[in-house]
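Accompanying notes for the structure given below.
In our numbering, the protein residues as written are 4 to 142.
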């Protein structure tokens, strides 16, 4: 399995609440940032994906908060491909603070569609992207 460097996000002041803790909604945004960066690192940025006629909308998200973060902490987000099957992709996220403590575990589920919104089988319709993801499926 290929290794992809984690994504780092510096908590911004505006992402915190009155208690100086990162608001829970920001973790979902960070998942998106990390996923976009992850795809770019494996050679499939969104421009290339869309030029190949593929879109991958989110169909579900699960987030488990294990701790909190504050401004100006750096959160390291490890992204991994958990499941790649048919028209579905599940991505896992593990977010750690500077001390290495897990502050959030999450997953997002995606489907694959063409640019007209119809489901596609990635293995058949975009085999290069399928192979790039399949090489990263966690065991």
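Virtual Cβ for every residue (Gly too), placed ideally from N, Cα, C.
Here's the rule: buried if 16 or more other CB atoms are within 10 angstroms of the residue's CB, otherwise exposed. What is residue i?
i	result
residue 34	buried
residue 59	buried
residue 27	exposed
Helix, strand or coil for residue i? Go by DSSP, reduced to three states.
i	result
residue 37	helix
residue 11	strand
residue 91	strand
residue 21	coil
To which residues does DSSP link residue i through a beta bridge?
i	result
residue 105	99
What residue does the alpha helix (DSSP H) around residue i start on, and which one ends it?
i	result
residue 68	Not the alpha helix (DSSP H): residue 68 falls in the beta strand (DSSP E), residues 61-68.
residue 125	125-128
residue 53	49-54
Do you know offhand how far residue i's Cα is from residue j's?
i	j	result
residue 79	residue 105	9 Å
residue 48	residue 95	18 Å
residue 15	residue 77	9 Å
residue 10	residue 82	8 Å
residue 23	residue 37	23 Å
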